[in-house]
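Protein chains in written order, with the working numbering: chain A, 1 to 100; chain C, 1001 to 1100.
From the three backbone atoms N, C-alpha and C, an ideal C-beta is built for every residue, glycine too.
Working notes for the structure below.
There are 2 protein chains.
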Amino acid sequence: MDPFAALADSTRRRIVGLLSEEDRRAGDISVHFETSPPAISQHLKILREAGIVRVEKRGRERIYSLDPEGLAAMESWVSDTRRKWNGRLDRLADMLKEEE
Amino acid sequence: MDPFAALADSTRRRIVGLLSEEDRRAGDISVHFETSPPAISQHLKILREAGIVRVEKRGRERIYSLDPEGLAAMESWVSDTRRKWNGRLDRLADMLKEEE
DNA sequence: AGTTTAATTAAGTCAATGCTTAATTAAAAT
DNA sequence: ATTTTAATTAAGCATTGACTTAATTAAACT
C-alpha cells in the first residue's frame, strides 16, 4: 500500500503519532486503542510495507519505530503542490504589477 | 470524506495537480483521464466535500479551483509529526552531549 | 420550441479495507 | 518439559470505495 493510502486511516495516523514520540513495543501501541491486538498488528504491517515504520525483533517483542523516510513522499507531494499553487499567485501578482 | 482519505486516491491527487496549475472546467479535467466523466465528477465531489477544491458555476460549465486551505490539515499533521520526531533527535543529541 | 452540450445524479457491480475470533509461532518463565 | 506471554497469521464477514451505463438537470444554440 502506498504511503498516502496507508495514512488515510486515522488509526494508522495515531500510531504514527505515538511512534513520533518514542519507539514502542507492539503491545504498548495496542493498549492505546479500543480495537483488538490483531487489528493493530495488521495496521502495523501496512505501515511497514508503506515504508513508514520499522520493526526490530527483541526476544518475543517487536519494537516499532518511525521511518522518517516514509513521510517524505507525502511531504514532497504537498510541498510541490503548494509550490505550483504559489507560483500561480506570484505570476498573478506580476501581472497586476505590470498593469500599474 | 476527510482530506487524508480524499488524497489517498491517485486520480484525485492528479486532479489536484492539474488544478494547482490552473483553474479548469470539469470537462477539461476529465479529458486527462481514461475513466468516464461521471467517475471524475464523483472524484470532484469528494474533493469538494473534503474542502480541497471549490466550484463556481459559469453557465452550464463548472469551473474548479484549488482551495489551499484544504491542504492545510495534511500539511500541519505532517509537520507536527516531523517536529515531534525531530524533537526526539534533538533530545538524543543533548543526551550525547552531556556525556562528553 | 426543439435539440445539442456540459455536467451531475442514480443504480448496480466488484474489489479492497478493516474488523472480529480462532489458530499459530516463538520466546520466557516456572 | 510445560505453560504462559507477545505477537502475528488465517479465515470469514460487513462496509466502503471506485467504476460502469443509464437517466436527469440545466444552459446554449438553431
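- Close CB contacts of residue 41 (chain A) within its chain, under the 7 Å cut and outside five residues either way in sequence, are with 26 (chain order).
- With contacts defined by Cβ atoms closer than 7 Å, residue 47 (chain A) and residue 6 (chain A) form a contacting pair.
- For residue 1034 (chain C), no alpha helix (DSSP H) run applies, since DSSP gives it neither H nor E.
- In the structure shown, residue 56 (chain A) adopts extended strand secondary structure according to DSSP, grouped into three states.
- Judged by pairs of C-beta atoms under 8 Å, the region 72-88 of chain A touches the region 1015-1035 of chain C, as three or more such pairs exist.
- By the criterion of a C-beta distance shorter than 8 Å, residue 1053 (chain C) is surrounded in its chain by 1015, 1016, 1019, 1044, 1047, 1064, 1065, 1066, 1067 and 1070, once the five residues flanking it on both sides are discounted.
- Around residue 73 (chain A), the same chain offers 3 as residues with beta carbons nearer than 7 Å, after the five sequence neighbours per side are excluded.
- Nearest CB-CB separation between residue 1081 (chain C) and chain A: below the 7 Å threshold.
- Judged by DSSP secondary structure, residue 1018 (chain C) falls within the alpha helix (DSSP H) whose first and last residues are 1010-1021.
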